[in-house]
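Just so you know, we're using my numbering here: the sequence shown kicks off at 2 and counts up by one.
These notes are about the structure you will find just below.
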Amino acid sequence: MKISSPVLCVVGARPNFMKMAAVLPPLGAVPDPLPTLLIHTGQHYGAAMKETFFQELGMPVPDEDLEVGSGSHAVQTAEIMQRFEPVLDRRQPRAVLVVGDVNSTIACALTAVKKGIPVIHVEAGLRSFDRTMPEEINRLLTDQIADLLFATEREAVAQLQREGIAPEKIHFVGNVMIDTLRRLLPRAPAPERVVSRLTGGAPWSMDHGYGLVTLHRPANVDQPAVLGSLLATLGRAARELPLIFPLHPRTRQAVAKAGLEAALQTPGLLATPPLSYLEMLGLLRSARVVLTDSGGLQEETTALGIPCLTLRDNTERPITVIQGTNTLVGTDPSRIATALAGILDGGGKDGRVPELWDGRAGERIAAILKARLGNGRG
Ligand code: UD1
Numbered sequence: 002m003k004i005s006s007p008v009l010c011v012v013g014a015r016p017n018f019m020k021m022a023a024v025l026p027p028l029g030a031v032p033d034p035l036p037t038l039l040i041h042t043g044q045h046y047g048a049a050m051k052e053t054f055f056q057e058l059g060m061p062v063p064d065e066d067l068e069v070g071s072g073s074h075a076v077q078t079a080e081i082m083q084r085f086e087p088v089l090d091r092r093q094p095r096a097v098l099v100v101g102d103v104n105s106t107i108a109c110a111l112t113a114v115k116k117g118i119p120v121i122h123v124e125a126g127l128r129s130f131d132r133t134m135p136e137e138i139n140r141l142l143t144d145q146i147a148d149l150l151f152a153t154e155r156e157a158v159a160q161l162q163r164e165g166i167a168p169e170k171i172h173f174v175g176n177v178m179i180d181t182l183r184r185l186l187p188r189a190p191a192p193e194r195v196v197s198r199l200t201g202g203a204p205w206s207m208d209h210g211y212g213l214v215t216l217h218r219p220a221n222v223d224q225p226a227v228l229g230s231l232l233a234t235l236g237r238a239a240r241e242l243p244l245i246f247p248l249h250p251r252t253r254q255a256v257a258k259a260g261l262e263a264a265l266q267t268p269g270l271l272a273t274p275p276l277s278y279l280e281m282l283g284l285l286r287s288a289r290v291v292l293t294d295s296g297g298l299q300e301e302t303t304a305l306g307i308p309c310l311t312l313r314d315n316t317e318r319p320i321t322v323i324q325g326t327n328t329l330v331g332t333d334p335s336r337i338a339t340a341l342a343g344i345l346d347g348g349g350k351d352g353r354v355p356e357l358w359d360g361r362a363g364e365r366i367a368a369i370l371k372a373r374l375g376n377g378r379g
């Protein structure tokens, strides 16, 4: 290994960006910086899904953009692998660091391990035990081939050990997503400002608070019957509490394909394009409740003490339910309505912030990597 050989840090999709933003600065920090290069696979692209995030997070422009774009799982994964392999040949990294559970995570981990390059996985060991989720397959496989695994919660460490991963490879370091949340929260705009931008200044009453909604899981949006039922449930809920609903591109397309646009034209429901990270934080911070199927929002609401209703039957982040403010409510309309009414009546879970979700996970990861991969070692 050459002294200058870098750690290649891979991002692909939106939730990867805030995780990597917490790892890159401490890796590069003096006195013993590790050389890093940022590789973007291009799984997510365009201003709303990429550039705005890089700017707000203070991320460097990627050293390489593989520009893979969208496609079926096979096409996207294969395309990332094909485009990543020559990067490895050219850059001769000492390790490849991947985050999360998206297709870019497994594609780059697999490409690297087959070339004998050590793989580092940040956010290892999370399991929903639902193998119909593409992310569950990505998580399981990435963890099996990783050389160093960083976990956000102790249960993830136990799970990795049950799966036969050697304990010395696993480190419980806390949650990098929360590092970035804490760093950028003071810069988040007030909700009124965000709403005024979204409505073009038109009046939209949220005098008694508002809820924040996101939906993008294939299981929730790809089948018109499920999506239709969820949108109807949200429409009814919006009569009790105004709801702001930034639509993921996948969801926007699914709504159009199913001919469900009318369901978004409901009084009290503000359907918007994807928001920037800071605008999302601004809305999140003051929301009365969050309804979501996102993994990141389950964690962010727990860190902020905001009630969260997760519109799924399972979660790979059990700590958000056991210790945090999260409740699994699935997609049944009456269950969602009852849980929401309970929160609006003041019955939300109090929750507590999980161990090591303290804003310093990135520093812990960097310290371990410098000791394990630093110059003269590896
Ligand atoms: C991906 C991740 C998911 C993560 C989510 C966050 C996988 C398997 N899934 O799901 O875990 O929670 O990102 O956003 O990796 N599209 C655009 N613009 C984009 C990206 C996507 O319009 O920048 C549209 C395309 O039509 C695309 C669809 O969204 O086909 C789905 O994109 P894809 O990257 O396949 O998965 P996500 O649903 O975004």
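Cβ atoms here follow ideal geometry from the backbone N, Cα and C, with glycine treated the same way.
All of these numbers come straight from a predicted model, not from anything done at the bench.
Subject >> Rounded C-alpha distance that separates residue 178 from residue 257 >> reply: Residue 257 has its alpha-carbon roughly 32 Å from the corresponding atom of residue 178.
Subject >> Residue interval of the alpha helix (DSSP H) (run including residue 296) >> reply: 296-305
Original post:
For residue 115, which option in 78, 372 and 146 has the closest C-alpha, if you only look at C-alpha atoms?
Top reply: Looking only at 78, 372 and 146, the smallest Cα-Cα distance to residue 115 is reached by 146.
Original post:
Less than 7 Å between the CB of residue 104 and some heavy atom of the ligand UD1, yes or no?
Top reply: Of the heavy atoms belonging to the ligand UD1, at least one sits nearer than 7 Å to the Cβ of residue 104.
Original post:
Alpha carbon to alpha carbon, how far is residue 157 from residue 281?
Top reply: 27 Å
Original post:
Quick one: what does DSSP say residue 74 is sitting in, helix, strand or coil?
Top reply: In the structure shown, residue 74 sits in a helix (DSSP, three-state: H, G or I).
Original post:
According to DSSP, is residue 167 helix, strand or coil?
Top reply: coil
Subject >> Selected residue, minimal CA-CA separation from residue 333, among 326, 341 and 327 >> reply: 341
Subject >> Coil, strand or helix - residue 90 by DSSP >> reply: helix
Subject >> residue 33 to residue 375 span [Cα, whole Å] >> reply: 8 Å
Original post:
Going by DSSP, which residues form a beta bridge with residue 290?
Top reply: 212
Subject >> Distance, residue 5 Cα to residue 220 Cα >> reply: Straight-line spacing of the CA atoms in residue 220 and residue 5 works out to 44 Å.
**OP:** May I ask you to report which of helix, strand or coil DSSP gives residue 16?
**Re:** Per DSSP, reduced to three states, the secondary structure at residue 16 is helical.
Original post:
At which residues does the beta strand (DSSP E) containing residue 246 begin and terminate?
Top reply: 244-247
**OP:** Please name the residue or residues paired with residue 272 in a DSSP beta bridge.
**Re:** 246
**OP:** Identify the continuous alpha helix (DSSP H) that holds residue 372 and give its terminal residues.
**Re:** First-last of the alpha helix (DSSP H) with residue 372: 362-374.
Subject >> Rounded separation between residue 344 and residue 226 - CA only >> reply: 27 Å
Subject >> Beta-carbon proximity list for residue 102, same chain, < 6 Å, skipping 5 on both sides >> reply: 136, 139 and 140
Original post:
What do you reckon, is the C-beta of residue 281 under 7 Å from a heavy atom of the ligand UD1?
Top reply: no
**OP:** Work out the CA separation of residue 347 and residue 240 for me, nearest whole Å.
**Re:** 18 Å
Original post:
What first and last residue would you give for the alpha helix (DSSP H) that runs through residue 151?
Top reply: Counting along the chain, residue 151 falls outside any alpha helix (DSSP H), though it belongs to the beta strand (DSSP E) covering 149-152.
Original post:
Roughly how far, in whole angstroms, is the beta-carbon of residue 112 from the beta-carbon of residue 80, given that I think they are within contact range, below 8 Å?
Top reply: Not quite, the Cβ-Cβ distance comes to about 11 Å (not below 8 Å), so this is no contact.
Original post:
Which same chain residues, not among the five before or five after residue 191, have their C-beta less than 7 Å away from its C-beta?
Top reply: 283
Subject >> DSSP state of residue 144 mapped onto helix, strand, coil >> reply: helix
Original post:
Whose C-alpha, out of 245, 276 and 277, is nearest the C-alpha of residue 265?
Top reply: 245
Original post:
Which residues share a DSSP beta bridge with residue 173?
Top reply: 152
Subject >> Exposure label - residue 243; buried when at least 16 CB within 10 Å >> reply: buried
Original post:
Using a threshold of 7 Å, is the CB atom of residue 117 nearer than that to any non-hydrogen atom of the ligand NAP?
Top reply: Although the ligand NAP was asked about, the structure shown includes only the ligand UD1 as ligands.
**OP:** Just mark residue 378 as buried or exposed, buried being the case when its beta carbon has 16 or more other beta carbons within 10 Å.
**Re:** Confidence at residue 378 is low in this model, with a pLDDT of 46, below 50, so the placement of that residue should be treated as unreliable; the coordinate-derived value is given next. So residue 378 ends up on the exposed side.
Original post:
Which word fits residue 208, buried or exposed, when buried means at least 16 other C-beta atoms lie within 10 angstroms of its C-beta?
Top reply: The residue in question, residue 208, is exposed, as its Cβ has fewer than 16 Cβ neighbours within 10 Å.
Original post:
To which residues of the same chain is residue 15 closer than 6 Å at the C-beta, ignoring the five residues directly before and after it?
Top reply: So the qualifying residues of the chain are 45 and 50.
Original post:
Would residue 48 be called buried (16 or more neighbouring beta carbons within 10 Å of its own) or exposed?
Top reply: exposed
Original post:
Run through DSSP, which three-state label would residue 310 get?
Top reply: Strand.
Subject >> Within the region 318-350, ranges of the alpha helix (DSSP H) (whole runs, at least 4 residues) >> reply: Runs found: 320-323 and 334-343.
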